[in-house]
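> Got a structure here, written out as structure tokens. Questions coming.
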Amino acid sequence: MPVRALGWLAVLGLVAGIVAAFGYAPREVMQGNVQRIMYLHVPAVLTAYLAFALVFIGSVGYLLTRRAGWDRLALAAAEPGVIFTGITIASGSIWGKPTWGTWWTWDARLTSTAVLFLVYVGYLLLRGMIDEPDRRARAAAVVGILGTANIPIVHFSVKWWRALHQPATILGPEPSPIAAPIALTLFVNWLAFTLLFLYLLAKRTEIARLEERHAE
Amino acid sequence: MSGYVRRAWSVVWKDLLSERRSKESVNTLVFFSLLLLFVFQFSLGPDRARVETALPGLLWLGFLLAGLLAFGRTFLVERENDCWEGLILAPGDKSAIYLGKLVGNVLLMAVVEAVLVLLFALFFSLDFTSVLPGLVLVLALGTLGLAAVGTLFGAITAQLRARELLFPVLLLPAAVPVLLASVSATQTVLLGEPLAQAAPWLKLLGAADLVYLVVGVLTFEFVLEA
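For the record, the sequence lines run as chains Z and X. Each position in the first sequence, counted from 1, maps to that position plus 1412 in this note's numbering. Each position in the second sequence, counted from 1, maps to that position plus 4 in this note's numbering.
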């Protein structure tokens, strides 16, 4: 069964990722061990973006074809997407406390990620309030499309908002250029998160299909 | 094309006519704006400098709250007397209905905004006359963006159980860029700086308006179905 194989691959990847993050990757000179949270933080946000891209594709696909499969894809991507965005924000907060001295700051990237989180929580809330499948899929697709189209606008507005208020922020924790072991560890973790996401996506799609069959 | 404009206009005309006879929205929203003024005053205290510093944010907070009430109602009237079926059965491209409703919302908000700005000028003895052209431009662009999303989401939530809860939850995060850009541009204008200073914000507002309008026009037919 390919889905189960995908799940085990994800487990394997996550274990390798943890081992690499704690055993292989060097201790960062400036920040110390705290920097290792990056191996959770960066893969999580990349996976979230992948998820929201799939929400957009599923939404457009549904409106064009009216096939329930597209809607299941959008739903199955949105739920892990929100979780991964939450992980990004939470891990960023935990990282921020020792390095910047604060749990939260209204920095451009933090703010736009938080807005992204709110948009897709709203999307899931909307889905929860409509019982009729076709109507739910249509309404959710419209909100999903607008939400994705809004991402660049949110990004620029928040960036300028900070830039125009505070020219130079203290943020910018990435050591550049990134050393090879760090890059490799990041890559392993990113791969593991993507596998985990694909596994969750497959499972959630399957559950949605069973739910629909049960409702009929 | 002329048929499209005519259909959009007939929606605007229908809503204006029923609003002129009932005066439900305008009267209530104008009164609501007056109440907001008191709320702002009470929450900020008597210090005039604080009100002046917070003025761009207060103005847009007022418009946003009024907009949440106004846009959420856009399609509620259509739920009675099978009006919704009437809209679905209307011939031609459904996006004409969206644009008609949008124009109605912008007109309604224009009245509310004019009243709120006037009330601010009166109660806090502020003088807007010198900055009026810039202010009108920012308000127009910002209102169009808010109304474009508000009208679309109003149509989506009109048929839902918990619509008055869900509508703001959907609209507020989507409206973040409009709010940021409008408040920043308003601040520039109110400080008396040349409009070119606010150019990036005005461009962003224009782009946001365009994106929302295009998404609204393209997707509205799917929202309107039963």
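From the three backbone atoms N, C-alpha and C, an ideal C-beta is built for every residue, glycine too.
Runs of 4 residues minimum, wholly inside the stretch 147-228 of chain X: which ones carry the alpha helix (DSSP H) assignment?
Correct list: 167-178, 180-194, 203-228.
> Quick one: list the residues of chain Z neighbouring X/V142, beta-carbon separation under 7 Å, in chain order.
Under the 7 Å cutoff, chain Z gives no residues; its nearest Cβ is about 14 Å from X/V142.
> Classify Z/E1628 as helix, strand or coil using the three-state DSSP reduction.
Coil, per DSSP.
> So, using beta-carbon positions, are X/I160 and X/V215 closer together than 9 Å?
Contact: no.
> From the beta carbon of X/W64, is the nearest beta carbon of chain Z less than 9 Å away?
Judged by the 9 Å Cβ criterion, X/W64 is not in contact with chain Z.
> Can you tell which of Z/P1593, Z/L1596, Z/R1574, Z/L1487 has the C-alpha that lies nearest to the C-alpha of X/S188?
It is Z/R1574.
> Nearest-angstrom Cα distance between Z/F1609 and Z/P1492?
Approximately 7 Å between the Cα atoms of the pair.
> Pull out every residue of the stretch 1527-1546 of chain Z whose Cβ sits closer than 7 Å to any Cβ of chain X, in chain order.
Cβ contacts with chain X come from V1527, L1530, V1531, G1534, L1537, L1538, M1541, I1542.
> Return no unless some Cβ of chain Z is closer than 9 Å to the Cβ of X/R165.
Yes, its Cβ sits closer than 9 Å to a Cβ of chain Z.
> X/L184 versus chain Z: which residues are under 7 Å apart at the beta carbon?
Under the 7 Å cutoff, chain Z gives S1569, V1570, W1573.
> Where does X/G108 fall in DSSP's three states?
Three-state result, X/G108: helix.
> Does Z/L1583 get closer than 9 Å to chain X when you measure Cβ to Cβ?
With a pLDDT of 44 at Z/L1583, under the threshold of 50, the modelled position of that residue is not reliable, and the figure given next carries that caveat. No, Z/L1583 does not count as interfacial toward chain X.
> Mind checking which residues open and close the alpha helix (DSSP H) that includes Z/V1446?
Careful: Z/V1446 lies outside any alpha helix (DSSP H) and carries neither H nor E.
> Would you call X/D131 buried or exposed, if buried means 16 or more other Cβ atoms sit within 10 Å of its Cβ?
X/D131 is exposed by the Cβ-count criterion.
> Contact criterion: CB-CB distance below 9 Å. Does Z/A1561 meet it with respect to chain X?
Yes, Z/A1561 lies at the interface with chain X (some Cβ there is under 9 Å from its Cβ).
> Going straight from the alpha carbon of Z/A1463 to that of Z/R1548, what length do you get?
Going by the C-alpha atoms only, they are around 19 Å apart.
> Report all residues from its chain with a CB closer than 6 Å to the CB of Z/F1529; omit the five preceding and five following residues, and keep chain order.
Within the same chain, Z/F1529 has close Cβ partners T1497.
> Smallest Cα separation from Z/S1543: which of X/I92, X/R165, X/L69?
The question names Ser, yet the displayed sequence has Asp at residue 1543 of chain Z. Checked all of X/I92, X/R165, X/L69; the closest Cα to Z/D1543 is X/R165.
> Can you look up Z/E1440 in the DSSP assignment and give me helix, strand or coil?
It is a strand residue.
> Is X/P239 buried or exposed, if buried means 16 or more other CB atoms sit within 10 Å of its CB?
Outside the shown range of chain X (5 to 230) lies residue 239 of chain X, about which nothing can therefore be said.
> How about Z/P1587: is its C-beta nearer than 9 Å to some C-beta of chain X?
The pLDDT assigned to Z/P1587 is 48, lower than 50, so where the model puts this residue is not dependable; a value taken from the coordinates is nonetheless given after this. False, the Cβ-Cβ gap to chain X never drops below 9 Å.
> Where does Z/A1549 fall in DSSP's three states?
Helix at Z/A1549.
> Kindly indicate if chain X contains any beta-carbon less than 9 Å away from that of Z/V1554.
Yes, Z/V1554 lies at the interface with chain X (some Cβ there is under 9 Å from its Cβ).
> Applying a beta-carbon distance threshold of less than 9 Å, which residues of chain Z neighbour X/A95?
Note on residue identity: the sequence assigns Pro, not Ala, to residue 95 of chain X. Result: empty, since nearest Cβ-Cβ is about 21 Å, beyond 9 Å.
> Measuring only the C-alpha atoms, how far is X/A100 from X/Y8?
Roughly 6 Å between the two C-alpha positions.
> When the Cα of Z/S1503 is compared with those of Z/M1442, Z/F1599, Z/Q1447, which residue comes out closest?
Of the candidates Z/M1442, Z/F1599, Z/Q1447, the one whose C-alpha sits nearest the C-alpha of Z/S1503 is Z/Q1447.
> Go through its chain and collect everything with a Cβ distance to Z/T1560's Cβ below 8 Å, but skip five positions before and after it.
Excluding residues within five positions, the ones whose Cβ falls inside 8 Å are F1464, A1465, V1467, F1468, S1471.
> Can you give me the Cβ contacts of X/V107 inside the same chain, cut-off strictly under 6 Å, excluding the 5 residues immediately before and after it?
Result list for X/V107: V16, in chain order.
> Give a yes or no on whether 9 Å exceeds the smallest Cβ distance from Z/V1457 to chain X.
Z/V1457 does not count as touching chain X.
> For X/F44, I'd like the list of residues in its chain whose CB is within less than 6 Å of its CB, leaving aside the five on either flank, ordered along the chain.
Answer for X/F44: L62, listed in chain order.
> Taking a contact to mean a Cβ-Cβ separation below 9 Å, would you say Z/V1570 touches X/V180 in this structure?
Closer than 9 Å, so yes.
> Is there a Cβ from chain Z that is less than 9 Å from the Cβ of X/P204?
Judged by the 9 Å Cβ criterion, X/P204 is in contact with chain Z.
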